[in-house]
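Sequential numbering of the sequence shown, starting at 1221, is according to this note's numbering.
A virtual CB, placed ideally from N, CA and C, is assigned to each residue, including glycine.
In this text, all values refer to a predicted model and were calculated from it rather than measured experimentally.
Below you'll find the structure, written out as C-alpha coordinates, and then a few comments.
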Amino acid sequence: MSDREFSLGRLAFKSLGAAVVVLALATAAIALLRPSAGVALIIALAGVIGAIAAMGVVSTRITRRELGPED
1221 MSDREFSLGR LAFKSLGAAV VVLALATAAI ALLRPSAGVA LIIALAGVIG
1271 AIAAMGVVST RITRRELGPE D
(Lines of atoms letter the chains of each structure in order from A and count residues from 1; the text may use other names and numbers.)
(Lines give C-alpha, C1' and ligand atoms only; values in the text may rest on other atoms or scores of the structure.)
Protein backbone atom coordinates (compact mmCIF):
# COMPACT_ATOMS: atom_id res chain seq x y z
CA MET A 1 0.00 0.00 0.00
CA SER A 2 1.18 3.49 -0.75
CA ASP A 3 2.24 5.96 1.93
CA ARG A 4 -0.19 8.54 0.52
CA GLU A 5 -3.89 8.58 1.28
CA PHE A 6 -6.32 7.61 -1.49
CA SER A 7 -7.53 10.70 -3.32
CA LEU A 8 -10.64 10.68 -5.47
CA GLY A 9 -9.51 13.95 -7.07
CA ARG A 10 -6.18 12.45 -8.12
CA LEU A 11 -8.01 9.43 -9.54
CA ALA A 12 -10.35 11.63 -11.57
CA PHE A 13 -7.54 13.89 -12.77
CA LYS A 14 -5.37 11.02 -13.99
CA SER A 15 -8.18 9.05 -15.62
CA LEU A 16 -9.51 12.11 -17.44
CA GLY A 17 -5.94 12.99 -18.43
CA ALA A 18 -5.58 9.59 -20.07
CA ALA A 19 -8.82 10.17 -21.98
CA VAL A 20 -7.63 13.58 -23.15
CA VAL A 21 -4.40 12.07 -24.49
CA VAL A 22 -6.31 9.46 -26.50
CA LEU A 23 -8.71 12.06 -27.89
CA ALA A 24 -5.78 14.32 -28.79
CA LEU A 25 -4.17 11.46 -30.71
CA ALA A 26 -7.41 10.84 -32.61
CA THR A 27 -7.69 14.55 -33.41
CA ALA A 28 -4.08 14.66 -34.61
CA ALA A 29 -4.69 11.62 -36.79
CA ILE A 30 -7.68 13.29 -38.42
CA ALA A 31 -5.78 16.56 -38.91
CA LEU A 32 -2.68 14.91 -40.38
CA LEU A 33 -4.36 12.30 -42.57
CA ARG A 34 -7.22 14.51 -43.79
CA PRO A 35 -9.44 11.50 -44.52
CA SER A 36 -12.88 11.50 -46.08
CA ALA A 37 -15.86 12.17 -43.83
CA GLY A 38 -16.66 8.50 -43.29
CA VAL A 39 -13.10 7.56 -42.34
CA ALA A 40 -12.82 10.61 -40.07
CA LEU A 41 -16.00 9.52 -38.30
CA ILE A 42 -14.55 6.04 -37.76
CA ILE A 43 -11.33 7.54 -36.36
CA ALA A 44 -13.35 9.82 -34.07
CA LEU A 45 -15.49 6.94 -32.80
CA ALA A 46 -12.37 4.85 -32.22
CA GLY A 47 -10.96 7.80 -30.25
CA VAL A 48 -14.06 7.98 -28.05
CA ILE A 49 -14.00 4.23 -27.42
CA GLY A 50 -10.26 4.42 -26.73
CA ALA A 51 -10.79 7.29 -24.31
CA ILE A 52 -13.40 5.32 -22.37
CA ALA A 53 -11.10 2.30 -22.28
CA ALA A 54 -8.14 4.42 -21.14
CA MET A 55 -10.21 5.90 -18.32
CA GLY A 56 -11.20 2.42 -17.18
CA VAL A 57 -7.68 1.02 -17.31
CA VAL A 58 -6.10 3.96 -15.50
CA SER A 59 -8.75 4.14 -12.80
CA THR A 60 -8.57 0.39 -12.18
CA ARG A 61 -4.78 0.42 -11.92
CA ILE A 62 -4.75 3.40 -9.54
CA THR A 63 -7.49 1.93 -7.36
CA ARG A 64 -5.81 -1.47 -7.14
CA ARG A 65 -2.45 0.10 -6.39
CA GLU A 66 -3.85 2.32 -3.63
CA LEU A 67 -6.43 0.02 -2.06
CA GLY A 68 -5.09 -3.40 -2.96
CA PRO A 69 -6.51 -6.10 -5.25
CA GLU A 70 -9.93 -7.58 -4.69
CA ASP A 71 -10.02 -10.89 -2.82
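Residues in its own chain within less than 6 Å of Gly1270 by CB, not counting five upstream and five downstream? Val1242
Could you tell me which of Gly1276, Gly1288, Ile1263 and Ala1238 sits nearest to Ala1249, measuring between CA atoms? Ile1263
Given Ala1266, which residues of its chain have a CB within under 7 Å of its CB, disregarding the five upstream and five downstream residues? Ala1246
Val1277 versus Ser1256 - alpha carbon distance: 31 Å
Just to confirm, is the Cβ distance from Arg1230 to Ile1272 under 9 Å? no
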